[in-house]
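One structure below.
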Amino acid sequence: MSEEKQQVSRRQFLNYTLTGVGGFMAAGLLAPMLRMAIDPVLQPPSEGEFVNVGLAVEDITTTPQRVDWKIKQVDGWYESEPGRTAWVYKDDNGDIIALSPICTHLGCVVSWEGSEDHPNQFFCPCHDGRYTKDGVNVKGTPPLAPLPTFEQKVENGMLYLGKAIPRKGA
Amino acid sequence: MQWTKKDMELYLGSKEYFDTAIIPIIPFQLSQEANIGKSTSKREVLSVFVTEIERELSGRLLLIPNYYYLEFGDKDEEAKRLNNWTEEISKQPFKHVFILTFDAGWKRHEKDLDANLLWLPGFQTDQLNSTEILQMIRGQVADVVELIRSYW
Ligand code: FES
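Which chain is which? The protein sequence lines are A and B, in order. For what it's worth, my numbering labels the leading residue of the first sequence as 88, then goes sequentially. For what it's worth, my numbering labels the leading residue of the second sequence as 14, then goes sequentially.
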C-alpha cells in the first residue's frame with residue numbers, strides 16, 4: 088500500500104514536471120509574439136531596410152544585370168542570412184529599374200535572355216514562363232502577374248534596394 | 014520547395030508542376046577524429062549549396078530532407094536504403110531524382126543507385142561568409158542547375 092502510494096506520487100510528480108515544462112515552453116512562444124503585438128518598434132528591422140547591393144549607378148546599363156546580396160533576417164529567435172537577387176537596368180528614360188527575379192508562377196529564378204528562342208525577355212527555366220523587359224508577364228505562359236519591383240534609392244552613387252513590391256496581374 | 018509546412022502546402026496544390034527531387038546525403042562519423050574538421054566543413058558548404066540550388070529552381074524541384082550516414086560505414090547497406098527513398102519519391106510521381114554528395118566514395122557505388130548521382134568535389138573553408146567563396150559557390154550552383162535542366 089505504501090509502495091502504491093509512492094508510485095502515485097512519483098507519477099504525479101512527473102506529471103507536474105511535464106506540465107511545468109509545457110507551460111514554460113508556451114510562455115516562451117508567447118513572449119516574442121506579445122512583444123511584437125504590443126510594440127511595433129521592436130519588430131525585426133531587416134526585411135524593408137535598404138541595402139547597398141554593391142553596384143555603382145554609373146555601371147548600370149540598359150542591359151539587365153544580375154546582382155546578388157544578403158540580408159539579415161530574424162524570425163523570432165532564428166537568425167538567417169537569406170540571399171536576395173535582382174535584375175537591374177536603366178530604361179529608355181534613364182530611370183533605374185530593379186526587378187525581382189522570383190517567377191510569379193511558382194518561384195523559380197528567371198534570367199534575362201535565359202532562352203535563345205526568346206531574346207529580349209526574361210525567361211523562367213521551370214515551366215517556360217516569360218516576361219517582357221519591363222517585367223510584365225507574357226500572356227499564354229504560366230505566370231499570371233508581373234515580376235515585383237524593388238524599392239530603391241541612390242546614395243553616393245551607389246544603388247540601395249529595399250522591399251520587393253508585388254504588382255497586379257496584367 | 015523545401016520540406017516545410019508552407020512550401021509543402023504550395024507543392025500539394027500544384028503537384029503537376031513538380032517532377033524533380035534532390036536528396037542531399039551527408040556523412041558523419043565521430044570515431045575518426047582526424048576527419049571531423051574536413052567532414053563538418055564540407056557539410057556546411059553542402060548546405061549552402063542545396064539552399065542555393067533550391068532557390069533557383071524552387072517551382073519545379075523538391076528538396077528532400079537530408080540523408081545522414083556513417084562516413085566509413087557499409088555503403089551497400091546505405092545504397093539499399095537510398096533506393097527505398099528513391100522508390101517512394103518516384104511514385105509521387107517524380108521523374109528525376111538526384112542524390113547530391115561531396116563524398117567521392119559514392120562514385121564506386123553509382124551503378125547500385127536508382128537515383129542520379131550528382132557528385133561534386135566539395136571543399137573546406139573557414140570563410141563561408143566571404144564574398145569570394147559565395148561567388149564561387151554561385152558559379153558551381155549555376156553549373157549544377159544547368160545539369161539538372163539538361164534532364165528536363
Ligand atoms: S515557376 Fe516560373 S514558369 Fe513556373
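Quick reminder that beta carbons are idealized off the backbone N, C-alpha and C, glycines included. Computed from a predicted model, the values in this text were never measured in an experiment.
Any idea if residue 46 of chain B is buried or exposed, counting beta-carbon neighbours within 10 angstroms, 16 or more meaning buried?
exposed
Can you tell me which residues fall inside 5 Å of ligand 1, judged by beta-carbon distance to its nearest heavy atom, and keep chain order?
A:190, A:192, A:193, A:195, A:211, A:213, A:214, A:216, A:229, B:72
Residues of chain B with a CB under 7 Å from the CB of residue 249 of chain A: which are they?
Going along chain B, no residue has its Cβ under 7 Å from residue 249 of chain A, so there is no contact; the nearest lies around 20 Å.
Using a Cβ cut-off of 8 Å (strictly closer), state whether residue 179 of chain A contacts chain B.
no
Within 10 angstroms of its Cβ, does residue 252 of chain A collect 16 or more other Cβ (buried), or is it exposed?
Label assigned to residue 252 of chain A: exposed.
For the beta strand (DSSP E) containing residue 170 of chain A, list its first residue and its last residue.
170-177
If we define contact as Cβ-Cβ less than 8 Å, is residue 141 of chain B a contact residue for chain A?
no
Which residues bound the alpha helix (DSSP H) around residue 68 of chain B?
That run of the alpha helix (DSSP H) goes 46-69.
From the DSSP secondary-structure annotation, give me the bridge partner or partners of residue 153 of chain A.
A:174
Quick one: which residues of the region 39-61 of chain B get their C-beta closer than 8 Å to a C-beta of chain A? List them in chain order.
Going along the region 39-61 of chain B in chain order, one finds no residue with a Cβ nearer than 8 Å to chain A.
Using the three-state DSSP reduction, which class does residue 136 of chain A fall into: helix, strand or coil?
coil
So what's residue 99 of chain B in DSSP terms, helix, strand or just coil?
helix
Quick one: Cα of residue 158 of chain A to Cα of residue 241 of chain A, how far?
Residue 158 of chain A and residue 241 of chain A have their C-alpha atoms spaced approximately 18 Å apart.
Quick one: what does DSSP say residue 129 of chain A is sitting in, helix, strand or coil?
Confidence in residue 129 of chain A is poor, its pLDDT being 45 and thus under 50, which makes the residue's placement too unreliable to answer from.
Skipping 5 residues on each side, what residues in its chain have a beta carbon closer than 8 Å to that of residue 48 of chain B?
For residue 48 of chain B, same chain residues with a beta-carbon under 8 Å away, outside a window of 5 residues either side, are 42, 84 in chain order.
Tell me the residue span of the alpha helix (DSSP H) that contains residue 36 of chain B.
Premise fails: residue 36 of chain B lies in the beta strand (DSSP E), 33-41, not in any alpha helix (DSSP H).
For the candidate residues A:184, A:197, A:215, A:152, whose alpha-carbon lies nearest to that of residue 249 of chain A?
A:184
Taking residue 39 of chain B as the reference, which of B:77, B:131, B:109, B:114 has the closest Cα?
Closest option to residue 39 of chain B, judged by alpha-carbon separation, among B:77, B:131, B:109, B:114: B:114.
Spatial neighbours of residue 127 of chain B within its chain, please: C-beta separation below 6 Å, excluding the five flanking residues on both sides.
96, 99
Tell me which residue opens and which closes the beta strand (DSSP E) that residue 217 of chain A is part of.
217-219 is the span of the beta strand (DSSP E), which, as asked, contains residue 217 of chain A.
Taking Cβ-Cβ distances below 7 Å as the criterion, which residues of the region 183-198 of chain A are in contact with chain B?
190, 192, 193, 194, 195, 196
In this structure, how does DSSP classify residue 19 of chain B when only helix, strand and coil are distinguished?
helix
Buried or exposed for residue 164 of chain B, going by 16 or more other Cβ atoms inside 10 Å?
exposed
When the distance is taken between beta carbons, is residue 76 of chain B closer than 8 Å to residue 16 of chain B?
Yes; because the gap between Cβ atoms is below 8 Å, this pair is in contact.
Just by C-beta distance, which residues in the region 70-86 of chain B are closer than 9 Å to chain A?
70, 71, 72, 73, 74
When the Cα atoms are used, what is the spatial distance from residue 143 of chain B to residue 80 of chain B?
27 Å
Across which residues does DSSP place residue 240 of chain A in a beta bridge pair?
DSSP output for residue 240 of chain A lists A:247 as bridge partner(s).
Who does residue 13 of chain B pair with in a DSSP beta bridge?
In the structure displayed, chain B extends from 14 to 165; residue 13 of chain B sits before or after that span and is not available.
Runs of 3 residues minimum, wholly inside the region 125-164 of chain B: which ones carry the beta strand (DSSP E) assignment?
129-132
Any C-beta of chain A sitting closer than 8 Å to the C-beta of residue 30 of chain B?
yes
Give the secondary structure of residue 26 of chain B by DSSP, where H, G and I count as helix, E and B as strand, and everything else as coil.
helix
With three or more C-beta pairs closer than 8 Å as the rule, is the region 140-159 of chain A touching the region 174-182 of chain A?
In short, these stretches touch, since the Cβ pair count reaches three.
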